[in-house]
Amino acid sequence: MDQAKVRRKIDALLEVVRHPKTDPTLAQTYLAKVAELRTRYHLADDQAQGRTTRTPGTDDTGVRWWETHIPDTGGRGAACAAALAYVIDACGGMSVRGKAKSAGGYRFTVVATEAAMELIQQLVPVVLEQMHQRSVAECRRWRAEHLGGASDSQAKTWREDYVRAFGFGLAERIRAGNRRITDEGETGRAAGVVLAADRKKVQRAYARKFGPRVRTVRGQGVRHQQAAEAGRRHGRAADPQAGHEA
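The numbers in full-length UniProt numbering rise by one with no breaks, and the one at position 65 of the sequence shown is 65.
Below you can see the structure in the form of structure tokens.
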């Protein structure tokens, strides 16, 4: 296959990835195939996509930065950022939340390869909306069923635990798709190697901006087991590209 045909195939795969109704697991599969094609035919990201993106202040190519805003709706901004960190990490990116609140929320910085950023930028607003709606509805049901009622502070921590677990569950679903990719014979293993190389590139870019110590996504303490179980279950069943649960 000549390079022109390979580029057309890559563009076709990326169109599917960018489609708003593409399942995130399928999107990860296609991104891995794109990475495998680029490696096999010696195509750089900028050649395949017709543009060059450089990380500010570094020599890394094919890495993008995105600064967005996480609203502190209901005081859940920090929990939402933690939940998104799981999802972004599963997509091969990294993220950091600003310490101070501004404009009613937090600054949220994401670094990822160009192809992964396409998926992340589609997922973030939809996942935020899902987490907000589901956490409020599920907490309302929990308070109605809770004998003796529940205080506002208890409800707040319940919603926070639900949101973090929702992000963790969705990340589990994405990672399961990644594992299936690497299990699919020689092509799958090659794609897995490329995804690992992309992650190292992202980590280098992140370290140059935020210091040599690369941040890892850590687990969160659970205060309401029921909230964590419900959030994780709903996250694993979520269909964020379509905007509803599968």
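The beta-carbon is built from N, C-alpha and C at its ideal position, and this holds for glycine as well. Values in this document were obtained by computation on a predicted structure and should not be read as measured data.
*Roughly how many whole angstroms lie between the Cα atoms of Val222 and Phe166?*
The residue given as residue 222 occupies position 222 in the sequence shown. The residue given as residue 166 occupies position 166 in the sequence shown. Going from the Cα of Val222 to the Cα of Phe166 covers about 13 Å.
*Quick one: complete alpha helix (DSSP H) runs, 4+ long, within the stretch 118–174?*
none
*What does a CB cutoff of less than 6 Å around Ala116 pick up in its chain, not counting 5 residues either side in sequence?*
Numbered from 1 along the sequence shown, position 116 holds the residue referred to as residue 116. Closer than 6 Å at Cβ, skipping near neighbours: Cys91, Gly92 and Gly93.
*Is the stretch 130–142 close to the stretch 93–103, with three or more CB pairs under 8 Å?*
no
*Output the residue ranges of the alpha helix (DSSP H) runs that lie fully inside the stretch 58–92 and measure 4 residues or longer, sorted by chain position.*
77–90
*asked:* Buried or exposed for Ser95, going by 16 or more other Cβ atoms inside 10 Å?
replied: For the purposes of this step, residue 95 is taken as residue 95 along the sequence shown, with counting starting at 1. Answer is buried; the Cβ neighbour count reaches 16.
*asked:* So for Tyr41, helix, strand or coil by DSSP?
replied: Residue numbering aside, residue 41 sits at position 41 when the sequence shown is read from its first letter. Three-state result, Tyr41: coil.
*Among Thr157, Arg64 and Asp72, which one has its Cα closest to the Cα of Val110?*
Taking the first residue of the sequence shown as position 1, residue 110 is located at position 110. Comparing Cα positions, the closest option is Arg64.
_Tyr30 versus Ala112: straight-line alpha-carbon distance, rounded_ = By 1-based counting over the sequence shown, the position of residue 30 is 30. By 1-based counting over the sequence shown, the position of residue 112 is 112. Roughly 16 Å separates the two Cα atoms.
*Report the three-state DSSP secondary structure of Asp239 (helix, strand or coil).*
Reading the sequence shown from its first residue, position 239 is the one you call residue 239. Asp239 falls in the strand class under three-state DSSP.
_Burial state of Glu67 (16 or more Cβ within 10 Å)_ = If you number the sequence shown from 1, residue 67 lands on position 67. Per the 10 Å Cβ criterion, exposed.
*Local conformation of Gly104 per DSSP, three classes*: What you label residue 104 is simply residue 104 of the sequence shown in a count that begins at 1. In this structure, Gly104 counts as coil in the three-state DSSP scheme.
*Terminal residues of the continuous alpha helix (DSSP H) containing residue 248?*
A query on residue 248 cannot be resolved here, the shown segment of the chain reaching from 1 to 246 and no further.
*Under the three-state reduction of DSSP, which class applies to Gly98: helix, strand or coil?*
Residue 98 sits at position 98 when you count from the first residue of the sequence shown. If DSSP states are grouped into helix, strand and coil, Gly98 belongs with the strands.
_Arg159 versus Arg233: straight-line alpha-carbon distance, rounded_ = Here residue 159 corresponds to residue number 159 of the sequence shown, with the count starting at 1. Here residue 233 corresponds to residue number 233 of the sequence shown, with the count starting at 1. In a straight line, the C-alpha of Arg159 is about 14 Å away from that of Arg233.
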